[in-house]
Amino acid sequence: MKILITSLMMMLAGGPWSLSECIRYALDNNITVKQSELSVQQRETELSSARGRHLPAVSASASENFSFGRSITSYNTYENTDVNTTSMSLGAQMPLFDGMQIYYGIELGKLNLAAATYDLERARDDIRVAVAQSYVQILYNKALLTVAQYQVEMDSIQLAHKAVKLETGLASKSDILSLQTTLAKSRLTLTKAENNLNLSILDLTQLLELDNPNDFDIVVPDETVHMLTLLPDPEDIYAEAVTRKARIKSEEARLDYARADIARAKGGYLPTLSLSGGIGTNYYNSSGNSLPQLSFGEQLRNNFSQYVGISLNIPIFSQLRTRNSVRSAKLNFDSRQLELENAKKSLYKEIQQAYYNAVAAQSEHESSRQAAASAEHSYNMIQEKYENGKANITEYNEAKNQYLEAAEQFLQARYQCLYQTRLLDFYKGEDLSF
């Protein structure tokens, strides 16, 4: 008889998509990641707008007005006449001091961009973990499918053997009926295994944003990779992760944003100073005016004017808006401090859980391997007795079911051990692959 456990991985090998390929494809195509990328671009645009506030605002205007009745003429007199006036101007205004609003606006824009960039990396980390989890689930379901196929194959062989013995009188009709029932149950298990595999493939292809899961398959990793490696200390992992992980960096950037926002809000107490200047000219045309009218060009030259001015605004009482803005900014700073502390505790908890999960997975992997080997040995003995008429169908089915169950538990423990050990490496900053 073919040894199930030792041959199973070879039977599964040959899928076209590795975990690294799945992750790269998901990072390029997943909608959640793309939304985070758009958010970064939006923050870049906002930062550019904040920087632009240093520049002068320049505008030009032109107007044409018609008045009827008593109107002013180009000689600065009033007459009862119809007048049309053409005016043109060019003006500029530039802030000289605005209570540090522009400076802190730029700083806030930089911090907003930094937070969005870290959020993007966090979204990428989340998709890496989600893809790895789906990938492992497919590996497990592929293994269960192979176990179910093996079960159907063995039951079919036993039924064929009993059918031959029935013809020679060495087996009873009840034995045939029992084996037929067992085979039907095995085929039902196979159908469920096929459906579970298809659903897990669908989950992964949806993460990858593939059009459909048809013909999608994955590479089965080397079964010896990262199974019994020496696990790093979780405290060391946390000490390294807390300085690099995007979720922590994004909260730190938001804390810095809240700190800068307090200073920006306090700027509302300061005066503002702005510089303005411009040029302009006018042209008047009066109907029925007895005085000679200058030409269009002459009026533009004669009416040409320039101006420059400085405006100072000193806040005295702002209806408590500035005071409340400062209070609100301080409360937001306190809230961001708590958010950062919570993010650090959450990361610490995740690393501790991942560590103990990896420890448990290694232990379960070894114990399930021994249990599977023992169950296989027991199954082989009962099978030999059953074929020689020294064991009944109930004993055979019980031994077979115990063996297949032990094989399933061993395969599940194998992939959990593989995933949990690699997850610890991921927290250390390594690529999530196997």
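Residues in the sequence shown are numbered from 64 upward in steps of one, following our numbering. Virtual Cβ for every residue (Gly too), placed ideally from N, Cα, C.
What residues in its chain sit with their C-beta under 6 Å from that of residue i, if we drop five residues either side in the sequence?
| i | result |
| --- | --- |
| A123 | L153 |
| Q164 | G330 |
| A178 | S313, A316, R317 |
| Q415 | P297 |
| A256 | L207, L208, A211 |
| A125 | M151 |
| S130 | V146 |
| G343 | S152, S368 |
| F359 | Y346 |
| I66 | Interpretation of I66 is limited by its pLDDT of 45, a score under 50 that renders its predicted location unreliable; the figure taken from the coordinates is listed afterwards. The answer is none, since no qualifying residue turns up. |
If we count the other Cβ atoms within 10 Å of its Cβ and call it buried at 16 or more, is residue i buried or exposed?
| i | result |
| --- | --- |
| Y370 | exposed |
| A211 | buried |
| T209 | buried |
| I377 | exposed |
| M498 | Nothing can be reported for residue 498: it is not among the residues displayed for the chain, which extend from 64 to 497. |
| G162 | buried |
| I281 | buried |
| K13 | With the chain represented from 64 up to 497, any question about residue 13 goes unanswered, as that position is not in the structure. |
| K236 | exposed |
| T231 | exposed |
| V121 | exposed |
| L401 | exposed |
| S381 | exposed |
| S398 | exposed |
| I49 | Because residue 49 is not part of the residues shown, which for the chain are 64 to 497, the question remains open. |
| L8 | Past the boundaries of the shown model lies residue 8; the chain is included only from 64 to 497, so the question cannot be answered. |
| L383 | exposed |
| L75 | Residue confidence for L75 is low, a pLDDT of 47 falling below 50, so the modelled location carries little weight; the figure read from the coordinates is stated next. Result: buried. |
| L293 | exposed |
Please report the distance separating the alpha-carbon of residue i from that of residue j.
| i | j | result |
| --- | --- | --- |
| V194 | Q269 | 10 Å |
| S391 | S409 | 27 Å |
| Y482 | N175 | 34 Å |
| Y88 | I94 | 12 Å |
| M151 | S374 | 23 Å |
| V192 | L495 | 8 Å |
| T306 | A113 | 29 Å |
| N277 | P79 | 13 Å |
| L386 | K308 | The identity of residue 386 in the sequence shown is Arg, whereas the question assumes Leu. If I take the Cα positions, the gap works out to 36 Å. |
| Y332 | G372 | 23 Å |
| N365 | P334 | 38 Å |
| S430 | S437 | 11 Å |
| E450 | N443 | 11 Å |
| M72 | T180 | Since pLDDT at M72 reaches only 46, below the 50 mark, its modelled position is unreliable, and no value is offered. |
| K448 | R477 | 31 Å |
| S83 | Y198 | 10 Å |
| I311 | D319 | 12 Å |
| Q356 | N128 | 18 Å |
| Q446 | E439 | 10 Å |
| S263 | Q475 | 15 Å |
| M157 | G341 | 12 Å |
| F279 | L394 | 51 Å |
| Q104 | S249 | 55 Å |
So residue i packs on residue j, CB below 8 Å; how close in whole Å?
| i | j | result |
| --- | --- | --- |
| L202 | V283 | 6 Å |
| T245 | N460 | 6 Å |
| A247 | I239 | No, A247 and I239 are not in contact; Cβ-Cβ is about 13 Å, not under 8 Å. |
| F396 | A321 | 4 Å |
| T252 | Q200 | No, T252 and Q200 are not in contact; Cβ-Cβ is about 18 Å, not under 8 Å. |
| R432 | F473 | 6 Å |
| N275 | N204 | Rounded, the Cβ-Cβ distance is 18 Å, inconsistent with contact. |
| I456 | S241 | 4 Å |
| A417 | A470 | Not quite, the Cβ-Cβ distance comes to about 27 Å (not below 8 Å), so this is no contact. |
| N420 | E272 | The pair is not a contact, with the Cβ atoms about 29 Å apart (cut-off 8 Å). |
| S388 | T144 | Not quite, the Cβ-Cβ distance comes to about 55 Å (not below 8 Å), so this is no contact. |
| L267 | I190 | Their Cβ separation, rounded to whole angstroms, is 11 Å, which puts L267 and I190 out of contact at 8 Å. |
For residue i, which residues of its own chain have a beta-carbon under 7 Å away from its beta-carbon, when the five flanking residues on both sides are left out?
| i | result |
| --- | --- |
| Y167 | A323, A326, R327, G330 |
| S70 | Confidence is the limiting factor: at S70 the pLDDT is only 42, short of 50, which leaves the residue's position unreliable, though a coordinate-based value still follows. So no residue of the chain qualifies. |
| K173 | L110 |
| E107 | L176 |
| Q243 | L222 |
| H117 | I165 |
| L159 | L336, S337, L338 |
| D188 | A309 |
| S219 | L246 |
Output needed for residue i: all residues of its chain with C-beta closer than 8 Å, excluding positions within five of it in sequence on either side, in chain order.
| i | result |
| --- | --- |
| S441 | A462, Q465, Y466 |
| Q196 | Y482 |
So is the beta-carbon of residue i under 7 Å away from any non-hydrogen atom of the ligand NAD?
| i | result |
| --- | --- |
| I281 | Of ligands this structure carries none, so the ligand NAD is not represented either. |
Between the segment 93-109 and the segment 173-185, can you find at least three pairs of beta-carbon atoms closer than 8 Å? yes
Okay, do the segment 295-306 and the segment 473-492 touch, 3+ Cβ pairs below 8 Å being the bar? yes
Okay, do the segment 423-443 and the segment 463-482 touch, 3+ Cβ pairs below 8 Å being the bar? yes
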